[in-house]
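Below is one structure, written out as C-alpha cells; comments come after it.
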Amino acid sequence: MNSVYDTIYEWARKTTTSFAELRRMSWERDDMEDELTGSLIYRLTRWPDLPSQTKTAGVLRALSVMTSRPVNRTWIIATSKLRPVEVDRLLQRLVAEDALQVIDGSKFPPADYA
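Given below as C-alpha cells:
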C-alpha cells in the first residue's frame, strides 16, 4: 500500500506535464516495455477512417491527443483501455492508412534530470 506521500508524488508527477508518460525515468521503465515499443513515438497526421466498433471513447480521446502531440505505445494503452494487441492492430491500421507519423525516439539524446 502506498503512503500518502507516494500517492501525491505519483499524481503530481503524472499531471505536471502532458508528456508524463514519455519522460519517465529510466529506472521506472520496464525492460519488456522498451523491448516491445522500440522507443517509438506516434503522432496522428490526419484523422483516420475507423470502423464503428473501434470508435470507443478511449480510442477517440487517444486519437484526439495524438493530433496535437506525440505519444508512445504505453500512453496509448493506458489512455485507450485497449489491450496491447489491440493497440498494435490500431497502430498498424493507422500506418496502412498513412495517418500516422512514427518517430524513432532512440535517436534523441536522453534527458538530463540531474
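Take 518 as the starting number for the sequence shown in the working numbering and just add one per residue. Quick reminder that beta carbons are idealized off the backbone N, C-alpha and C, glycines included.
Can you give the Cα-Cα distance for Gln-618 and Asp-566, rounded to whole angstroms? 16 angstroms
Scan the segment 545 to 606 and note each continuous alpha helix (DSSP H) run of 4 residues or more that stays entirely inside, going in chain order. 548 to 554, 574 to 585, 590 to 597
Inter-residue CB distance, Arg-660 and Val-604 (contact presumed, cutoff 8 angstroms): Outside the displayed range of the chain (518 to 631) lies residue 660, so it cannot be described from this structure.
Taking 6 angstroms as the limit between beta carbons, can you name the residues of its chain near Lys-598, skipping five residues before and five after? Gly-575
Assigned secondary structure, Asp-621 (DSSP; H/G/I helix, E/B strand, else coil): strand
Residues near Ile-558 by beta carbon distance below 6 angstroms, same chain, minus five either side: Pro-587, Asn-589, Ile-620, Gly-622
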